[in-house]
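Residue numbers (this note's numbering): 6 to 253.
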């Protein structure tokens, strides 16, 4: 190490505030879902700079320790559940409190430039679109496509979305069964922002400070891509917990 190199003295104020807030939560016995004091109160109680406290709260949210409710109040985050595998249904990745609300679409569609590009096949696809809710609020959806040559015949014959029981078949991927999912390998994972102004989010009960995002996923059976999904969700409400080493 050269003599010109120097070390930062101490730690940033927001890191100290982060530690103090974490200690306060543990010391006072706050449980998941409990309210956490606001930044003004915390700054006074912890003898900390308010700007540092505000930054620490944001970092605690980023690390999954705190969440903000729809009233923008800070709460202790729900206990983390074990991550799921990469071939699990998207709503499983968002946590156990997320449930299917309704199926918007179940049909066979002709190939498009999008499916040709990502699946590499000029072949029709079985398409399901499902909306998911948390505590009665619609905050996530999956548009799933499966090459018809990879789809079970009974699903190709079941194209009336109005009679689908989503509690029993929450997603196309889950309906395929564990044996099929065990063969799938990830090919593409792409996270991107979604404009709040698009009509494609007309179903979504997005909070004022929500961050709509999409996760595009391609899964292959062997060397052949067969499954494509565009999963839309509020990134300000959810974080994704996936363990790529876990078998589906």
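Each residue gets a CB set at the ideal place from its N, CA and C atoms; glycine is no exception.
- Exclusion of the five residues before and after residue 245 leaves 98 as the residues of its chain whose Cβ lies within less than 6 Å of its Cβ.
- Fully contained in the region 175-248 are the following alpha helix (DSSP H) runs of length 4 or more, in chain order: 177-180 and 183-188.
- Sequence-distant partners of residue 216 (beyond 5 residues in either direction) whose C-beta falls short of 7 Å from its own C-beta, in its chain, are 239, 240 and 241.
- Taking the Cβ atoms as the reference, residue 189 lies roughly 5 Å from residue 92, within the contact range of under 8 Å.
- The way I'd put it, the region 118-125 doesn't touch the region 197-209; fewer than three beta-carbon pairs between them come closer than 8 Å.
- Cβ-Cβ distances below 7 Å link residue 136 to 106, 107, 109, 143, 146 and 208 in the same chain, with the five nearest sequence neighbours on each side left out; the list follows chain order.
- In the DSSP assignment, residue 144 falls outside any alpha helix (DSSP H) and within the unbroken beta strand (DSSP E) covering 142-152.
- Note on residue 79: 16 or more other CB atoms within 10 angstroms of its CB, so buried under the neighbour-count rule.
- Per DSSP, the beta bridge partners of residue 104 are 138.
- It is roughly 15 Å from the alpha-carbon of residue 83 to the alpha-carbon of residue 27.
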